[in-house]
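Note that the protein sequences, when read in sequence, are chains A and B. Per my numbering, the first sequence runs over residues 1 to 402. Per my numbering, the second sequence runs over residues 403 to 468. Here a beta-carbon is modelled for each residue, glycine too, at the ideal position from N, C-alpha and C. From a predicted model like this one, the values you see are computed outputs, not experimental measurements.
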Amino acid sequence: MSERPPVTDFATDFDHTDPAWVADPYPIWQDLRERCPVAHTDRYGGAWFPATHAGVTTIAKDTENFTSRAVIMEEGRPGEEALPAPIGVAPPITSDPPFHQLARKVILPAFAPGVINPLEPKIREVCRDLLERFGDDEEVNASWDYARLIPPTVIREMLGFPEEDTERFIEIVHMITESVDNPEEQRIAEFEPIEAYFVQQMEDHMANPRDDLTSYLLNVEIDGQKLAPEHVFGTIVLILVAGIDTTWGAVGASLWHLAHHPEDLARLVNEPDLMPVAVEEFLRFYAPVTMARLVKADMEYLGCPMKEYDWILLGFPAANRDPVVFKDADQFIIDRAENRHVAFGLGIHRCIGSNLARLELRVAIEEFIARYPKFELADPKAVTWAPGQIRGPRQLPVRILP
Amino acid sequence: MKVVIDGELCQGQGRCFSMAPDIFGFDDLGNGVVRGDGTLNPETLDMARLAQANCPEHAILIEGDE
């Protein structure tokens with residue numbers, strides 16, 4: 001990662017990759033809510049960050065004034081030529097209406113609860129196998145060696161890609177979501193072998209269709225037309241990128257919480273019926289995903305002089321901590337009854353994998369605490385957090401207690 | 403009293419059918435649907451209110467509820 005100058009004031013010079021933001025963004029957001037509440041920065045070619053629930057939800061629902069053509073905030077100001085067509089590189093997340101609705105309808109059925117819920121036994125098996133690998137270890141890395149490995153195994157299985165490629169998926173996701181600081185030529189060069197790999201997988205599925213998501217995408221039709229290969233390719237990229245780091249972050253953050261909140265851990269162990277409600281509070285409190293939008297045209301919006309192609313950093317995790325909407329917003333309340341969190345976004349771009357993510361999160365926690373009803377942070381200073389728009393612990397050594 | 407889902411507002415967040423599966427189901431796209439005609443008794447009313455309080459899209463309406 002290239003070195004950026006330290007942030008002087010997050011209200012006027014914010015940077016979501018600044019070490020202070022990466023380590024603990026919540027006090028920064030609270031300060032911005034009180035002072036701004038829309039922060040600005042000249043970095044990244046110019047960007048805005050609404051810190052309130054109202055600001056985030058207003059922009060998330062406003063597809064008239066904001067485009068999703070770029071959803072990962074990158075260095076430099078995207079010009080018209082650098083932007084993909086309204087179909088986008090990874091439909092439907094990078095698509096705008098009206099095409100968005102068509103692209104979304106195509107993959108919604110593949111992620112509806114009727115398809116996802118039956119995966120529970122498989123996910124449980126994946127979790128148990130990973131826990132089995134820990135053997136009698138008294139210290140385990142709950143993120144790197146557990147949370148990290150669950151989502152790619154599940155997604156690879158859904159796509160029908162070879163089992164031995166699990167580690168490769170993780171590399172791909174890292175490259176795409178964490179390369180914001182790499183020069184464009186480097187990113188393009190890094191993407192070449194990945195593209196070749198996906199094309200090879202798609203060709204194999206075309207030659208040998210089977211009952212998996214890749215074959216589904218290759219054969220599904222919009223108005224009697226199959227999807228263009230680049231559409232299928234983009235959607236597979238999207239599924240990998242959106243389905244792996246994100247759930248890893250949510251599972252990791254939840255286990256991090258339980259490792260230093262023994263009272264919450266004991267309640268979950270003793271009251272398993274709490275899980276569905278607890279999962280929503282984990283999602284609110286540790287929402288991993290921040291998205292981006294681009295301003296469509298010069299305008300005054302939320303009191304800010306926005307310019308065409310300014311970035312918007314859309315912080316769903318910040319919205320989830322807004323005390324105007326959530327009572328005791330900065331307290332984790334494991335049985336919080338009223339919880340309209342927006343961890344999965346809002347409006348037409350609601351996370352398509354939310355049913356899968358919620359299921360993986362619940363099962364991953366259930367299995368971990370079933371095997372380890374008591375654990376604590378082995379070394380709080382050893383915990384590291386992912387930089388960028390997907391938040392979660394990377395290294396999470398925990399000590400297993402008797 | 404009767405519970406309804408506003409199909410225009412529902413985005414398939416999935417909160418209603420995971421929280422109150424006796425009252426809500428889902429369709430092929432993953433959007434929430436009310437089971438039966440949505441008539442609530444005192445028991446199901448509490449669950450419907452809970453689901454309403456958890457819908458990020460404000461898509462759940464309870465007709466006749468204050």
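Residues that residue i contacts on chain B, provided the C-beta gap is smaller than 8 Å
i	result
residue 346 (chain A)	413, 458 and 459
residue 105 (chain A)	431
residue 342 (chain A)	458
CA-to-CA distance, residue j to residue i, given in whole angstroms
i	j	result
residue 287 (chain A)	residue 145 (chain A)	21 Å
residue 20 (chain A)	residue 311 (chain A)	21 Å
residue 352 (chain A)	residue 329 (chain A)	26 Å
residue 306 (chain A)	residue 46 (chain A)	9 Å
residue 221 (chain A)	residue 186 (chain A)	35 Å
residue 228 (chain A)	residue 154 (chain A)	26 Å
residue 29 (chain A)	residue 455 (chain B)	25 Å
residue 54 (chain A)	residue 208 (chain A)	49 Å
residue 446 (chain B)	residue 127 (chain A)	35 Å
residue 411 (chain B)	residue 107 (chain A)	19 Å
Nearest to residue i (by Cα), restricted to the options the options
i	options	result
residue 304 (chain A)	A:15, A:260, A:50 and A:130	A:50
residue 355 (chain A)	A:338, A:388 and A:279	A:279
residue 363 (chain A)	A:124, A:55, A:148 and A:110	A:124
residue 62 (chain A)	A:301, A:357 and A:77	A:301
residue 22 (chain A)	A:131, A:401 and A:394	A:394
residue 109 (chain A)	B:411, B:421 and B:429	B:429
residue 404 (chain B)	B:460, B:417 and B:425	B:425
residue 92 (chain A)	A:128, A:233 and A:163	A:233
residue 340 (chain A)	A:326, A:332 and A:160	A:326
residue 147 (chain A)	A:162, A:130 and A:76	A:130
residue 102 (chain A)	A:392, A:15, A:223 and A:126	A:223
residue 74 (chain A)	A:263, A:382 and A:184	A:184
residue 240 (chain A)	A:193, A:159, A:337 and A:391	A:159
residue 334 (chain A)	A:359, A:276 and A:244	A:276
residue 40 (chain A)	A:34, A:15, A:57 and A:64	A:15
residue 414 (chain B)	A:384, A:361, A:342 and A:391	A:342
Neighbour list for residue i in chain A, Cβ cutoff strictly below 9 Å
i	result
residue 452 (chain B)	337 and 338
Chain-ordered neighbours of residue i on chain B, where CB pairs are closer than 7 Å
i	result
residue 276 (chain A)	420 and 421
residue 350 (chain A)	413, 414 and 415
residue 109 (chain A)	430 and 431
Partner residues on chain A for residue i, Cβ-Cβ distance less than 8 Å
i	result
residue 416 (chain B)	113, 354, 355 and 358
residue 428 (chain B)	112, 113 and 114
Per-residue burial, residue i [other beta carbons within 10 Å of its own, 16 or more giving buried]
i	result
residue 151 (chain A)	buried
residue 1 (chain A)	With a pLDDT of 45 at residue 1 (chain A), under the threshold of 50, the modelled position of that residue is not reliable, and the figure given next carries that caveat. Under this definition residue 1 (chain A) is an exposed residue.
residue 322 (chain A)	buried
residue 331 (chain A)	exposed
residue 255 (chain A)	buried
residue 466 (chain B)	exposed
residue 12 (chain A)	exposed
Three-state secondary structure (DSSP) of residue i
i	result
residue 377 (chain A)	strand
residue 64 (chain A)	coil
residue 48 (chain A)	strand
residue 105 (chain A)	helix
residue 351 (chain A)	coil
residue 168 (chain A)	helix
residue 433 (chain B)	coil
residue 449 (chain B)	helix
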